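As given, the protein sequences belong to chains A and B, one line each in that order.
For the first sequence, the working numbering begins at 17 and goes up steadily by one.
For the second sequence, the working numbering begins at 17 and goes up steadily by one.
Number of protein chains: 2
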Amino acid sequence: MKLSELGEFGLIERIQARFRAPDGVTGIGDDCAVLHQSTGRDTLVSSDMLIEGTHFLRKEIPPYDLGWKSAAVNLSDVAAMGGKPTGTFLSLALPADLDTDWIDAFMHGYADISERFGTPLLGGDTTASPDRICINVTVLGECPYARARLRSNAQKGDVICVTGSLGDSAAGLKAILEGVERDVEVQRLIDRHYRPVPRVPEGEELRLNLGVHAMMDLSDGLGSDLQHILDASGMNAEIDVSAIPLSLALKHCCQRFGWDPLALAVSGGEDYELLFTCTPQAEMLLSVPHFVIGKVTSSRSVQCHPEPVEGSSHSGLDPESRITWRGTASPLSPGFDHFKKG
Amino acid sequence: MKLSELGEFGLIERIQARFRAPDGVTGIGDDCAVLHQSTGRDTLVSSDMLIEGTHFLRKEIPPYDLGWKSAAVNLSDVAAMGGKPTGTFLSLALPADLDTDWIDAFMHGYADISERFGTPLLGGDTTASPDRICINVTVLGECPYARARLRSNAQKGDVICVTGSLGDSAAGLKAILEGVERDVEVQRLIDRHYRPVPRVPEGEELRLNLGVHAMMDLSDGLGSDLQHILDASGMNAEIDVSAIPLSLALKHCCQRFGWDPLALAVSGGEDYELLFTCTPQAEMLLSVPHFVIGKVTSSRSVQCHPEPVEGSSHSGLDPESRITWRGTASPLSPGFDHFKKG
């Protein structure tokens with residue numbers, strides 16, 4: 017069997033089946049692994065790889081932005097647990113004919129975001145690549161004991177929230193790939209694609225509220241990422257599509273270029289906003305900017321495969337989806353798989 | 017300027033110049049970063065990247081061995097500090113047409129060495145690569161407070177030791193590249209190249225002896241790696257070339273194929289033996305198998321560039337080398353640079 021048939025999540029299951037989770041560690045398969053320490057603080061660790069040709073195009077992305085984004089997507093994983101990032105490790109494989117100006121600009125972007133979030137570069141590896149640039153960042157973070165927010169804790173009756181507008185990053189990528197002329201609005205979308213801002217203080221504040229139950233960051237897209245929370249928690253959900261926050265820049269550009277804003281907001285990834293569930297009471301007390309987009313409706317047995325939920329505009333592509341999309345007629349495609357052709 | 021002109025160590029200096037080492041962290045630029053914790057235990061972290069075409073050839077290395085080696089080279093970084101590795105994070109970028117049998121064998125090798133050294137897989141990332149396999153492993157380890165052995169602590173009068181025979185791995189690589197027929201001896205060398213055994217218990221035992229001053233693992237080759245210890249410690253050294261341990265398999269194969277065993281032992285890398293300096297008194301008490309190969313001769317000012325040391329068979333390629341090689345007439349090439357053509 018080829019990897020393209022197995023798919024990314026099949027591969028992850030296959031790897032997990034071979035390794036037993038050790039004592040004192042939770043969060044394997046979550047945004048970060050959570051390692052319990054004897055200090056009363058948990059250590060959070062996450063590692064993400066970016067490959068030229070899969071995650072970015074060298075001739076498109078400015079090296080400053082790539083440096084920024086390489087750190088940002090990892091800091092976002094710590095934010096997604098409600099943790100405080102403390103430092104990063106950077107592995108870089110670079111072709112020998114790369115210009116040192118490119119490297120300087122890359123490190124400049126990496127240094128700027130590191131300074132903004134107080135996360136020093138603590139080590140890493142530099143090596144030669146025959147052709148493509150390959151980047152891996154490992155981030156360390158910390159969090160009070162057992163307070164990290166996992167994906168698996170969504171509760172029946174919770175409201176579902178996001179910390180900001182969705183779809184901008186996917187629209188920015190679309191603008192880059194289609195070569196759209198870059199006026200102020202288009203550039204705003206491209207900036208959100210190239211220079212995402214990880215929701216670190218927002219994640220820490222959400223963690224302080226014990227009514228916030230499950231949390232993750234939106235990297236693959238709302239449709240796919242919410243599914244992870246529901247699968248891990250054994251829940252179903254209803255999303256009010258009309259409540260999904262869309263930026264003015266996104267709405268305008270979609271009108272101008274004939275793009276579908278909802279498809280970008282639901283299926284496009286890399287917004288790096290936080291997706292969380294909390295009690296309605298807790299939601300009223302949150303000072304973090306956020307938008308309520310739906311609710312956790314019911315628990316379910318994850319073993320059985322019930323009939324499609326009434327009112328669901330389910331596309332049929334994902335037989336286990338338990339999200340009911342209210343307020344739209346068109347089917348919304350599910351998530352993103354690195355190994356399958358979309 | 018191209019990266020190939022700057023070189024790997026020039027690149028590392030350029031990166032380090034941009035980032036200030038934070039309080040409570042030592043070992044930046046060493047085998048591991050050492051993070052002081054309030055528990056009285058230090059956390060050790062290292063991250064290494066392996067790229068197809070630079071570090072391995074997919075059609076040559078069995079996937080089991082590649083999985084083994086990916087973890088081994090990282091566990092070796094913790095061993096080099098005298099630490100105990102506690103877990104790993106694996107990032108894998110794989111082409112979509114890769115066979116799942118390949119992945120299973122890779123994970124089998126990774127799982128076997130992880131079990132042998134008690135280091136569970138705690139997380140990571142899987143993603144698609146357009147063509148080349150790219151692997152990054154981050155290892156976590158621990159060590160009592162301020163007991164990790166840095167490269168910078170070699171003392172005048174120390175003896176210089178290695179934990180095992182050198183050159184086998186480089187000879188194994190040579191045998192693979194030259195397509196030598198694989199009898200028992202040749203296979204032994206190839207095994208040392210493909211399945212290095214990190215010296216984890218050896219490193220922990222050496223750390224218990226306070227007379228052991230500086231330590232690192234031999235990944236780039238004795239000539240290059242010893243230079244790192246001397247540069248970091250501000251010392252010079254004399255190596256007795258006749259004392260460098262060579263395996264019988266290496267000696268026989270060198271005779272049969274006309275290879276130079278000393279060149280392989282000094283300039284060939286990836287032996288993953290430990291290189292350490294200690295007092296002569298401490299050396300007599302060590303129960304870890306080891307070989308004394310030289311001594312730390314004198315301190316030096318690292319600012320000035322003194323004249324070549326008398327008796328040195330220095331090749332002239334590295335004007336700052338402070339190693340005197342005794343007992344050989346032929347010049348020995350210095351270390352390995354990923355970005356320069358050898």
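Ideal Cβ positions, reconstructed from N, Cα and C, are used throughout, including at glycine.
Nothing here was measured: the structure is a model prediction, and the numbers come from that model.
Look at B/THR116: its C-beta is under 8 Å from a C-beta on chain A.
Proximity to B/ASP93 across B/GLY157, B/ALA279, B/ALA186 peaks at B/GLY157, based on C-alpha coordinates.
By the rule that beta-carbons nearer than 8 Å mark a contact, B/GLN297 does not touch chain A. Residue nearest to A/LEU264 within the set A/VAL213, A/GLN203, A/SER235 is A/GLN203 (criterion: CA-CA distance). Exposure of B/GLU29 is indicated by the presence of fewer than 16 other C-beta atoms within 10 angstroms of its C-beta.
Of the candidates B/ASP174, B/ALA112, B/GLY285, B/ASP174 places its Cα closest to the Cα of B/LEU246. B/GLU197 counts as exposed, since fewer than 16 other beta carbons sit within 10 angstroms of its beta carbon. Unbroken alpha helix (DSSP H) runs of no fewer than 4 residues, entirely contained in the segment 204 to 248 of chain B, are found at 216 to 224, following chain order.
The Cβ atoms of A/LEU137 and A/THR116 do not sit closer than 8 Å to each other. Put simply, the CB of B/GLY69 is near chain A, with a gap under 8 Å to one of its CB atoms. In the DSSP assignment, B/LYS100 is bridged to B/GLU158.
Measuring C-alpha to C-alpha distances from A/ASP147 to each of B/LEU27, B/PHE25, B/ILE129, B/ILE67 identifies B/ILE67 as the nearest.
For a Cβ distance threshold of 9 Å, residue set ILE67, SER145, PRO146, ASP147, ARG148, CYS150 of chain B lies close to A/ARG148, ordered along the chain.
If you draw a 10 Å sphere on the C-beta of A/VAL200, you find fewer than 16 other C-beta atoms in it, and that means exposed. Within the model, the alpha-carbon separation for A/SER249 versus A/GLY310 is close to 16 Å. According to the DSSP assignment, A/ASN90 belongs to the alpha helix (DSSP H) that extends over 79 to 95. Nearest neighbour of B/GLY83 by Cα position, chosen from B/LEU110, B/HIS52, B/THR42, B/TYR126, turns out to be B/TYR126. Taking the C-beta atoms as reference points, A/LEU205 is found nearer than 8 Å to A/ASP184. Using beta-carbon distances, A/PRO38 counts as an interface residue toward chain B, with a partner under 8 Å. Separation of the CB atoms of B/ARG215 and B/GLU299 is rounded to 17 Å, and the pair is thereby denied contact status at 8 Å. At a Cβ-Cβ threshold of 8 Å, B/ALA170 and B/ALA230 count as neighbours. Taken through DSSP and simplified to helix, strand or coil, B/MET17 comes out as coil. Within the same chain, GLY83 come within 7 Å of A/MET123 by CB-CB distance, once the 5 residues on both sides are set aside. Between B/GLY98 and B/GLY219, the C-beta gap is smaller than 8 Å, which places the two residues in contact.
By the neighbour-count definition (other C-beta atoms within 10 Å, threshold 16), B/TYR161 is an exposed residue. The beta carbon of A/LEU234 lies closer than 6 Å to those of ASP241, ASP287, GLU289, LEU291 in the same chain, with the five residues before and after it left out. Shown in chain order are the members of the segment 68 to 97 of chain B whose Cβ falls below 9 Å from a Cβ of chain A: GLU68, GLY69, THR70, HIS71. In this structure, DSSP gives A/VAL196 a state outside helix and strand, which the three-state scheme calls coil.
Taking all protein chains shown into account, B/PHE273 has fewer than 16 neighbouring C-beta atoms within 10 Å of its C-beta and is therefore exposed. Within chain B, the residues placing a beta-carbon under 8 Å from that of A/PRO136 are PHE35, ARG36, ALA37, PRO38, VAL41, ordered along the chain. Taking the Cα positions, B/VAL228 is about 12 Å away from B/SER168. Counted as a single uninterrupted DSSP element, the alpha helix (DSSP H) harbouring A/VAL282 occupies residues 277 to 283.
About 23 Å separates the beta carbons of B/VAL308 and B/ALA164, which is beyond the 8 Å limit, so they are not a contact pair. For A/THR116, the enclosing alpha helix (DSSP H) covers residues 116 to 132. Distance between B/GLY140 and A/LEU302, taken at the CA atoms: about 32 Å. Of the residues B/LEU278, B/VAL89, B/LEU222, B/ASP128, the one whose Cα lies closest to the Cα of B/VAL153 is B/VAL89.
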